[in-house]
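Step one of this worksheet: look at the structure below.
Residue numbers (the numbering used here): 7 to 224.
So this is what it looks like as structure tokens:
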């Protein structure tokens, strides 16, 4: 098997595993100390990865804002099949802080992005979407050995489906959102219990009423 980067999935949810209200409101589910812990985890990885939906909805910066700041910021990767990341986004406007990479599924003739400071990786699969397998292989080839995957739910599901999640950092807030909330992991299309993956609780932290559970494959 071709060497690949390892993937840690970070999820921040209510007790019933929802990442937002039905209208998309998600600020803030977890408390400030949990968010600070998440920034620490970003700093411990080589790259932070999100999907284009997260970029379009939240306009995140994705830097590790620790105290003190890390010597080197993790690279920031967007799974952006059709190169829709706005040039006016905070992400693109902060390339001086560290690498910004758009992982896309366009052909060489189609692939064009206006900002030369932004890297583009052609890592498309047969479905016309970004291939998680190709993305983690390209990351390793680029010297990015540890990826911190922050969602959204569809991107997380695609990595689970390919067996590419090596650790889960699950932040839970002591609130209930209900069945109309947005799920943390999108549909996996399973039809038998034998298709599910099993996980082992490797650690747990209490964070001012929130909790952080660390899960490894069983």
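The beta-carbon is built from N, C-alpha and C at its ideal position, and this holds for glycine as well. Remember, it's a predicted structure, so these values are computed and weren't measured experimentally.
Check the DSSP bridge columns for residue i and list the partner residues they point to.
i: residue 175; result: 16 and 220
i: residue 78; result: Residue 78 is not bridged to any residue.
i: residue 181; result: The partner list for residue 181 (beta bridge, DSSP) is empty, contrary to what the question assumes.
i: residue 24; result: 189
i: residue 85; result: 57 and 109
i: residue 237; result: In this structure the chain extends from 7 to 224, so residue 237 is not present and cannot be described.
i: residue 3; result: Past the boundaries of the shown model lies residue 3; the chain is included only from 7 to 224, so the question cannot be answered.
i: residue 67; result: BP columns for residue 67 are empty, so no partner.
i: residue 207; result: 221
For the putative contact between residue i and residue j, defined by C-beta atoms under 8 Å, what is the C-beta separation to the nearest angstrom?
i: residue 163; j: residue 145; result: Between residue 145 and residue 163 the Cβ distance is about 19 Å, and since that is not below 8 Å, they are no contact.
i: residue 188; j: residue 26; result: 4 Å
i: residue 276; j: residue 10; result: Residue coverage of the chain in this structure runs from 7 to 224, which leaves residue 276 outside it and unanswerable.
i: residue 154; j: residue 47; result: 6 Å
Note the first and the last residue of the continuous alpha helix (DSSP H) segment covering residue i.
i: residue 45; result: 38–49
i: residue 59; result: 58–64
i: residue 143; result: 138–147
i: residue 161; result: 159–167
Between the beta-carbon of residue i and the beta-carbon of residue j, is there less than 7 Å?
i: residue 121; j: residue 93; result: yes
i: residue 12; j: residue 172; result: yes
i: residue 1; j: residue 204; result: Nothing about residue 1 can be reported from this structure: the residues present for the chain run from 7 to 224 only.
i: residue 197; j: residue 17; result: no
i: residue 98; j: residue 124; result: yes
i: residue 157; j: residue 60; result: yes
i: residue 45; j: residue 72; result: yes
i: residue 82; j: residue 54; result: yes
i: residue 118; j: residue 130; result: no
i: residue 22; j: residue 182; result: yes
Identify the continuous beta strand (DSSP E) that holds residue i and give its terminal residues.
i: residue 155; result: 152–155
Could you tell me whether the region 94–113 touches the region 63–70, where touching means 3 or more Cβ pairs closer than 8 Å?
-> yes
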